[in-house]
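Heads up: the sequence shown runs through residues 4 to 630, numbered per the numbering used here. Where is the CB? At the ideal position from N, CA and C, for every residue including glycine.
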Amino acid sequence: MNMNKYINKLIVMSAITMTGIMGMTSCTDYLDKAPESDYQENDPYKNFKNFQGFTEELYNCIPVVSNNKDAGHTCFNYGEDEYWEPQEMRMQARSVDNGDFWAWTTVYYGYPNNQGSAGSNNRTDKGHLWANSWYAIRKANIGIANLGNLISATEEERNLIEGQLYFFRAWFHFMLMEWWGGMPYIDEVLPSDVTPTLVRLSWQECAEKCVADFEHAASLLPVDWDATTAGKATLGKNNMRINRIMALAYKGKALLWAGSPLMNWVSGGSKEYNTELCKRAADAFGQALALTESTNRYELADFSEYNDIFLLHNSSGKLNGVKESIFMENIKDYSFRWRWNMVNDFRPQSIESSGIKSYPTANYVNYYGMQNGYPINDMTKADAESGYDPTHPWKNRDPRFYKTIMFDGVKWRNTGGAGGTAELFTGGRESEEANEKKGCFTAYMNSKLCPQLMNTFDGYKENNIMILSLMRLADVYLMYAEATAVGYNSPKGKAATYSLTAEEALNKIRERAGVAPVLEKFLGSTADFLSELRRERAVELSFEGFRFTDLRRWMLLTQYPYTLKTKIEFDRADPNNYNYDAPEENAIKNLREVVLIERKYTDRHYWYPLPKKDVSMYEGFYQNPGW
Numbered sequence: 004m005n006m007n008k009y010i011n012k013l014i015v016m017s018a019i020t021m022t023g024i025m026g027m028t029s030c031t032d033y034l035d036k037a038p039e040s041d042y043q044e045n046d047p048y049k050n051f052k053n054f055q056g057f058t059e060e061l062y063n064c065i066p067v068v069s070n071n072k073d074a075g076h077t078c079f080n081y082g083e084d085e086y087w088e089p090q091e092m093r094m095q096a097r098s099v100d101n102g103d104f105w106a107w108t109t110v111y112y113g114y115p116n117n118q119g120s121a122g123s124n125n126r127t128d129k130g131h132l133w134a135n136s137w138y139a140i141r142k143a144n145i146g147i148a149n150l151g152n153l154i155s156a157t158e159e160e161r162n163l164i165e166g167q168l169y170f171f172r173a174w175f176h177f178m179l180m181e182w183w184g185g186m187p188y189i190d191e192v193l194p195s196d197v198t199p200t201l202v203r204l205s206w207q208e209c210a211e212k213c214v215a216d217f218e219h220a221a222s223l224l225p226v227d228w229d230a231t232t233a234g235k236a237t238l239g240k241n242n243m244r245i246n247r248i249m250a251l252a253y254k255g256k257a258l259l260w261a262g263s264p265l266m267n268w269v270s271g272g273s274k275e276y277n278t279e280l281c282k283r284a285a286d287a288f289g290q291a292l293a294l295t296e297s298t299n300r301y302e303l304a305d306f307s308e309y310n311d312i313f314l315l316h317n318s319s320g321k322l323n324g325v326k327e328s329i330f331m332e333n334i335k336d337y338s339f340r341w342r343w344n345m346v347n348d349f350r351p352q353s354i355e356s357s358g359i360k361s362y363p364t365a366n367y368v369n370y371y372g373m374q375n376g377y378p379i380n381d382m383t384k385a386d387a388e389s390g391y392d393p394t395h396p397w398k399n400r401d402p403r404f405y406k407t408i409m410f411d412g413v414k415w416r417n418t419g420g421a422g423g424t425a426e427l428f429t430g431g432r433e434s435e436e437a438n439e440k441k442g443c444f445t446a447y448m449n450s451k452l453c454p455q456l457m458n459t460f461d462g463y464k465e466n467n468i469m470i471l472s473l474m475r476l477a478d479v480y481l482m483y484a485e486a487t488a489v490g491y492n493s494p495k496g497k498a499a500t501y502s503l504t505a506e507e508a509l510n511k512i513r514e515r516a517g518v519a520p521v522l523e524k525f526l527g528s529t530a531d532f533l534s535e536l537r538r539e540r541a542v543e544l545s546f547e548g549f550r551f552t553d554l555r556r557w558m559l560l561t562q563y564p565y566t567l568k569t570k571i572e573f574d575r576a577d578p579n580n581y582n583y584d585a586p587e588e589n590a591i592k593n594l595r596e597v598v599l600i601e602r603k604y605t606d607r608h609y610w611y612p613l614p615k616k617d618v619s620m621y622e623g624f625y626q627n628p629g630w
């Protein structure tokens, strides 16, 4: 199905089944009819219940990022953050490493992909962002065109419907723009029998239209649906419904992205930030954060519950991250996602017979600095200022390191001891040297997305599920810090809409983790501050799917050292007296960093190519440069 069909297809949909958090029922009489049935086109729009049923299928178009094919493997981190099993060729990440960005249209595992039907209620189709976005945009426009037919509704109910429709129209345009660049902004129902001729707008032009829609949505939506009269019918099931804070936060994100170097450059500007757009972004984020803090609608999770932001464990259906998560990936059939391949992706054969596939790169692990706030400049050299010691490289690190990364000697079975811990030293049981096809190629493993003790021996394989937040509160604080520092030209600057400076917003995230505040040496200029903020985003948002987009918008994807993926090699200093209770205290020797791959990118790799069938549809819908 080409873009013409995505845009022009008349939407007569099946009932949405997101009954967990989207609890309102759809208009059964309407939805039960076949497309060719005799019905009045405005029937679905006459009352709030029916129109909300129509609107809720837009939630059904939200993508599944973490696991969208057959409850299978995860593949959505394409920065310099992960390395994949060399013999595994079904993963989009492997193709991205080799510069083959066409792979999104062909490979089996990965997000986004080109598989499945737009608007499908099948979870395995939810990775088809391209088709689902055009489909949802048309549906939103059909809804907006029919707002006048909502004759049996209160003002509150009309506002709720209109606010959701405008939000989703902007949001799905923005999702397309993140991956493929500036698009035609479709804000009307296009005739189904006419080929569209809308030209692609510049990124900034398109973003301004998103901003206007997000702003309109924010003016109509409540902070919390539970506090509305209409929301009382689904009390306690409204957490993921679109609200004012979501709209303001995405308004800010659209402006910050538009003001970032890549988007500014492709819109006719320089390869630097657009400070005016960033200032507007800061003000929008400031509004969202001020409203969040005054209402307690969202809260940062306590650090003791940090991994619960990303993982469910024997939750009896309770969603993870509900206070920190602002916008989640599609939760369609979430309880079936990771039961077979979660351990297989993140743990070696000593835990799961068919593992392992994905490993944190050593270069990325280096972003986790010291608890005292100092970065690690060279992992192979001692640093008196930071206290880093290459003979004890995992000692006194940022506390998030221990929540996210598994290293040599870490316990991964309840049995403990040598048999229940990771042997990641050179030649160790789980090393590449010991198993050239299925060893741990980087000497690190991920415990952020897969719990440390998740294994087949202790019975933990079936009880953990990962669900991603597409936006969470920590991310909003960091985006605010970035936008404010650039827009107000100082780490000490603050938006007119919010009380915290850029520095204070960043430190709020560090404080939660127990890391020292930003060092004075990073506060002397905006450029110095941004270098530390980028490291902070790498650490706080690690492996959540943000790094690739960040590197692209900062125009760092093609730049050394961000093109490198590395591993470490080392020996245990005293293998006969190893402390398995405190592995960070053990001494190692001969620590070295080895390059696994150097990615060869050019400017064309800042955008994914558009599907070949769609760029031949009409002259104004052109292919991205270089593809």
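With a threshold of 8 Å on Cβ separation, who are the neighbours of residue 49 within its own chain once the five nearest residues in sequence on each side are excluded? Within the same chain, residue 49 has close Cβ partners 152, 153, 154, 155.
Assess, as a yes-or-no matter, whether the region 289 to 298 is touched by the region 385 to 392 under the definition of 3 or more beta carbon pairs within less than 8 Å. Below 8 Å, too few C-beta pairs join the region 385 to 392 and the region 289 to 298 to call them touching: fewer than three.
Quick one: what's residue 598 bridged to in DSSP? Per DSSP, 569.
Assuming residue 174 is part of the alpha helix (DSSP H), what are its boundary residues? Segment 158 to 183, the alpha helix (DSSP H) holding residue 174.
Considering Cα atoms alone, identify which of 265, 186, 607, 525 is closest to residue 625. Closest by alpha carbon: 186.
Just curious, the alpha helix (DSSP H) that residue 308 is in, first and last residue? From DSSP, residue 308 is part of no alpha helix (DSSP H); its letter is neither H nor E.
With residue 525 as the anchor, note down where its alpha helix (DSSP H) starts and where it stops. In the DSSP assignment, residue 525 falls outside any alpha helix (DSSP H), carrying neither H nor E.
By how many angstroms is the C-alpha of residue 258 removed from the C-alpha of residue 536? The alpha-carbon atoms of residue 536 and residue 258 are separated by roughly 18 Å.
Measuring CA to CA, which of 76, 489, 63, 58 is closest to residue 452? Checked all of 76, 489, 63, 58; the closest Cα to residue 452 is 76.
Beta-carbon proximity of residue 94 to residue 78, cut-off 8 Å: Yes, these two residues count as a Cβ contact at 8 Å.
Under 8 Å, do residue 270 and residue 182 count as touching if we go by C-beta distance? Their beta carbons are not under 8 Å apart, which means residue 270 does not touch residue 182 by this criterion.
Between the alpha carbons of residue 107 and residue 63, how many angstroms are there, rounded? If you draw a straight line from the Cα of residue 107 to the Cα of residue 63, it comes to about 21 Å.
8 Å contact criterion, which residue 266 and residue 556 should meet: CB distance rounded: With a Cβ gap of about 6 Å, residue 266 and residue 556 count as contacting.
Should residue 80 go down as buried or exposed, given a rule of 16 or more other Cβ atoms within 10 Å for buried? Residue 80 is buried by the Cβ-count criterion.
Count the other C-beta atoms from every protein chain shown that fall within 10 angstroms of the C-beta of residue 309, then say buried if there are 16 or more, exposed otherwise. Residue 309 should be labelled buried.
For residue 423 and residue 415, I'd like the C-alpha separation in whole angstroms. Near 6 Å, if we compare the C-alpha coordinates of residue 415 and residue 423.
Skipping 5 residues on each side, what residues in its chain have a beta carbon closer than 7 Å to that of residue 300? The beta carbon of residue 300 sits closer than 7 Å to those of 226, 227, 248, all from its chain and outside the five residues before and after it, given in chain order.
Assign residue 139 to buried or exposed, taking buried as 16 or more other Cβ atoms, counted over all protein chains shown, within 10 Å of its Cβ. By the 16-neighbour rule on beta-carbons within 10 angstroms, residue 139 is buried.
Work out the CA separation of residue 408 and residue 627 for me, nearest whole Å. A direct Cα-Cα distance of roughly 37 Å separates residue 627 from residue 408.
Quick check on this structure: which residue in 88, 100, 56, 395 has the alpha carbon closest to the alpha carbon of residue 600? Here the closest residue by C-alpha is 100.
Start-to-end residues for the beta strand (DSSP E) that takes in residue 468: Note, residue 468: beta strand (DSSP E), 467 to 469.
Hey, quick one: how far does the beta strand (DSSP E) through residue 258 stretch, first residue to last? From DSSP, residue 258 is part of no beta strand (DSSP E) but of the alpha helix (DSSP H) over 247 to 262.
Please determine, among 272, 233, 470, the residue with the shortest C-alpha to C-alpha distance to residue 158. The candidate whose alpha carbon is nearest that of residue 158 is 233.
Is residue 262 near residue 277, with beta carbons less than 8 Å apart? Yes.
CB contact flag (residue 366, residue 567, <8 Å): Result yes, Cβ atoms of residue 366 and residue 567 sit closer than 8 Å.
What are the boundary residues of the beta strand (DSSP E) that includes residue 86? Per DSSP, residue 86 is one residue of the beta strand (DSSP E) stretching across 85 to 87.
Inter-residue CB distance, residue 612 and residue 630 (contact presumed, cutoff 8 Å): Residue 630 and residue 612 do touch by the CB rule: their CB atoms are close to 4 Å apart, below 8 Å.
Beta-carbon spacing of residue 489, residue 529 below 8 Å: For residue 489 and residue 529, yes; Cβs fall inside 8 Å.
How far does the beta strand (DSSP E) with residue 330 in it reach, from first residue to last? Here the beta strand (DSSP E) through residue 330 covers 328 to 331.
Check this for me: beta carbons of residue 86 and residue 177, under 8 Å apart or not? One thing to note: residue 86 has its Cβ no nearer than 8 Å to the Cβ of residue 177.
Classify residue 563 as buried or exposed, calling it buried when 16 or more other Cβ atoms lie within 10 Å of its own Cβ. Exposed, by the Cβ-count rule.
Would you tell me roughly how many angstroms separate the C-alpha atoms of residue 513 and residue 520, rounded to the nearest one? Here the C-alpha atom of residue 513 lies approximately 7 Å from the C-alpha atom of residue 520.
Distance CB(residue 583)-CB(residue 421) smaller than 8 Å: Going by beta carbons, residue 583 and residue 421 fall inside the 8 Å limit.
Could you check what DSSP says for residue 453 in three-state terms: helix, strand or coil? When secondary structure is reduced to three states using DSSP, residue 453 falls in the coil class, being assigned neither helix nor strand.
Can you give me the Cβ contacts of residue 472 inside the same chain, cut-off strictly under 6 Å, excluding the 5 residues immediately before and after it? Answer for residue 472: 324, 328, 331, listed in chain order.
For the alpha helix (DSSP H) containing residue 613, name the first residue and the last one. Residue 613 -> no alpha helix (DSSP H), and no H or E assigned at all.
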